[in-house]
Every structure is written in C-alpha cells, then in structure tokens.
Amino acid sequence: MSAQGSRSWTVRLREAAVRAMPPERLLPDGQPAYMSSWIYIFGVLTIAALVVIIFSGTILGLKGPAWWHYTGIGHFFNSIHLWAVELFFFFMVVHLWGKFFMASWRGGRARTWMSGAIAFLISIAAAFTGYVSQQNFDSQWIATQAKDGLNSTGIGAFFNVLNFGQMYTYHVLLLPVVVIALVSVHILLVRRTGIVPPLPLPELGIHQAAGEPHDGAAAESVA
Amino acid sequence: MSLAAIVNLNHPASYVHWHFFDMSVSNLVVIVLMIVVFALAIALPFPGSRRRGRSEP
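Chains as they are written, first to last, in the working numbering: chain C, 1 to 223; chain P, 1001 to 1057.
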C-alpha cells in the first residue's frame, strides 16, 4: 500500500474498525462455558422477534390499511406483527431482568447496558406509534386519550398523536431506524467486550466462572 | 374464527383491584408469565451443561 493510500480516511477507518472489532471476535467459533444456561438465550430471542416484526411490518406497510383490516391474510399478518411485538417485549424484559441481576455492566460493559436500556425505551415509543397507526376505533381512542397527556408536556406541537401520517412515519421509518441502529450497536458492543460472566460466589469457593478470562474481557475459547 | 370461539373477547377488559393496585387481567397474566419464564430459565438445566461441568477440573 502506498504512503498516500495509508493516509486516506477510508484506510484509517478500516484499520480502526478491524482494531476495534477483529473478525475472530465479531464472528467467534465458540462461546464461554458459563453461557450454558437458558437465561442467556433471551437476547437472541428478542432479536429473532425483531426480525419477524420488521418482516411482517414491511408486508403490512406495502399492502396498506384496507388490506390489514378487510382481508383474511391481512388479519393474519396483522396478528403476526402484534404477537411478534408481544414476544419482543416479553423476551426483552426477561433479558433485562437476567442482565440486571448479574450486573452485566461490569468489566467495561456500561455502554452495552446503556445502549440496551435506550433501545428498550425507544421500542416503547415505536410500539405506541404502532397502536395509534392501526386506523381503527381502538387507535382513535388511544390517540385521543394520549394527546392530553402528551400535550401537557408541551410535546404536542412536534408529536401529534392525532396526525396519522406523522405517527405512521414515526412507526415505520424514524423509530425503527433508531431501534435497529441501537440494537446493532448493542450487538457489536457485546461482541467487543464479550458476554458478561456470572457473578462470583466466594462463599461457595467460586471466584471465577468457567471460561472467564482473568481480565474480564471476552472469552470465546470454550465451545 | 375458531380461535376466537375459545376465548370470548367481546366484553370490556377485566381488572384486578387491590388497594392501590389496579391492573387488567391480561397485563397481570403477561407479567406473571414473564416471572415464571425467568425463574424457569434460571432453574432448569441447560442441555449438555452437566456433562460439560463434570469434565472441567
């Protein structure tokens, strides 16, 4: 590579990216032994639900409100979308509880914790804008009830729940982009710092989980 | 159509009132289910974990 090439911002960005996220850490071929517990599966279950949400939501958006209200297959995809969201939040809350009780912000993982917490809050807003975008009496009732609460905060001038076009744009574009970006950052941070090991139990003589490195960094060596 | 006949949803939501506590039954069911799943996820053994645990020093 020429000296001029090495000064290019694309080269510097690439080198920084590889330094921050080596391929063997990004896509490991094993996982720590301490992950042999059901509590560790709820993160990926949340992501699986998110994939179904995006897929079913794309179909709903392409076909439109008349389709999801008046056809059998439209009802089916509407239900898939709703129940995927129910499972998304169900799995995310169990994931949050599990990570909270194992203090998963340990070992330089504060940004991972914060990105997950913010993704949770933005997801609530994304779900809410979905409720008021249904184009039925239910959504009208929710919107008219919510507007007073939101207007009391002064946000009504920018976030008008009675405006279907605005709510739909938030629901299908702006908030999903933010959620997907935050989830992507969250996953990359998990890959960078490694899965958080269980808390030590000194009274039982367990000072370190099986597969856990001494410095608390990523340990992906035990399949 | 057939599933709708199993649970009749054609009525206002049922609520649980107890002092300050006020919650719809459906929300309560979901919260209880989450707690049960959380407890099971911690209590139930993961397939292969016992075998792997024995082989370690």
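Where a beta carbon is used, it is the ideal one built from N, C-alpha and C, also for glycine. Small disclaimer: the values here were computed from a predicted structure and weren't measured.
Does the distance from the C-beta atom of residue i to that of residue j stay below 7 Å?
i: C:Gly57; j: C:His75; result: no
i: C:Leu45; j: C:Ser115; result: no
i: C:Ala119; j: C:Leu175; result: no
i: C:Arg109; j: C:Thr193; result: yes
i: C:Phe77; j: C:Leu50; result: no
i: C:His171; j: C:Thr144; result: no
i: P:Val1029; j: P:Met1023; result: no
i: C:Phe91; j: C:Phe42; result: yes
i: C:Leu13; j: C:Arg191; result: no
i: C:Ser104; j: C:Val196; result: yes
Take residue i as the anchor and find which of the options has the nearest alpha-carbon.
i: P:Leu1009; options: P:His1019, P:Val1025 and P:Met1034; result: P:Val1025
i: C:Leu173; options: C:Glu15, C:Trp105, C:Ser123 and C:Gly194; result: C:Ser123
i: P:Ala1043; options: C:Ser37, C:Leu150 and C:Ile41; result: C:Ser37
i: C:Phe164; options: C:Val52, C:Pro202, C:Phe137 and C:Val179; result: C:Phe137
i: C:Pro200; options: C:Trp113, C:Tyr34, C:Ile155 and C:Arg14; result: C:Tyr34
i: C:Tyr40; options: C:Ile53, C:Pro65 and C:Gly98; result: C:Gly98
What number of angstroms, rounded off, separates the C-alpha of residue i from the C-alpha of residue j?
i: C:Leu189; j: C:Met21; result: 9 Å
i: P:Val1036; j: C:Ser79; result: 25 Å
i: C:Gly132; j: P:Leu1033; result: Note that residue 132 of chain C is Val in the sequence shown, not Gly. Approximately 26 Å between the Cα atoms of the pair.
i: C:Arg141; j: C:Gly30; result: As written in the sequence, residue 141 of chain C is Trp, which differs from the Arg given in the question. Whole-angstrom Cα-Cα distance: 50 Å.
i: C:Trp186; j: C:Leu62; result: Residue identity check: residue 186 of chain C is His in the sequence provided, not Trp. Their backbone Cα atoms lie some 29 Å apart in a straight line.
i: C:Trp32; j: C:Val94; result: The question names Trp, but residue 32 of chain C is Pro in the sequence shown. Whole-angstrom Cα-Cα distance: 21 Å.
i: P:Ala1041; j: C:Val161; result: 38 Å
i: C:Pro198; j: C:Gly72; result: 47 Å
i: C:Ala117; j: C:Ala84; result: 20 Å
i: C:Ala218; j: C:Glu24; result: With a pLDDT of 46 at C:Ala218, under the threshold of 50, the modelled position of that residue is not reliable, and the figure given next carries that caveat. Going by the C-alpha atoms only, they are around 11 Å apart.
i: C:Val52; j: C:Leu60; result: 12 Å
i: C:Gln135; j: C:Gln166; result: 13 Å
i: P:Asn1027; j: P:Trp1018; result: 15 Å
In three-state DSSP terms, what is residue i?
i: C:Val44; result: helix
i: P:Ser1024; result: strand
i: P:His1019; result: coil
i: C:Leu13; result: helix
i: C:Leu188; result: helix
i: C:Leu228; result: Outside the modelled stretch of chain C, which goes from 1 to 223, sits residue 228 of chain C, for which no answer is possible.
i: C:Leu201; result: strand
i: C:Leu173; result: helix
i: C:Ser221; result: Below a pLDDT of 50, predicted positions are generally treated as unreliable, and C:Ser221, at 43, falls in that range; the measurement from the model is reported next regardless. Three-state result, C:Ser221: coil.
i: C:Leu27; result: coil
i: C:Ala126; result: helix
i: C:Pro32; result: coil
i: C:Leu162; result: coil
i: C:Ala143; result: helix
i: C:Trp105; result: coil
i: C:Pro65; result: helix
Taking 6 Å as the line, does the beta carbon of residue i fall inside it for any heavy atom of the ligand HEM?
i: C:Phe120; result: This structure lacks the ligand HEM; in fact it carries no ligand of any kind.
Any residues in the region 18-52 of chain C with a beta carbon nearer than 8 Å to a beta carbon of chain P? Which ones, in chain order? Ala33, Ser36, Ser37, Trp38, Ile39, Ile41 and Phe42
Could you please tell me which residues of the region 90-102 of chain C, in chain order, have their CB closer than 8 Å to any CB of chain P? Phe90, Val93, Val94, Trp97 and Gly98
Mind listing which residues of the region 1034-1050 of chain P have their C-beta closer than 8 Å to chain C's C-betas, in chain order? Met1034, Val1037, Phe1038, Leu1040, Ala1041, Ile1042, Leu1044, Phe1046, Gly1048 and Ser1049
Compile a chain-ordered list of the residues in the region 1007-1034 of chain P whose CB is closer than 8 Å to at least one CB of chain C. Val1030, Leu1033 and Met1034
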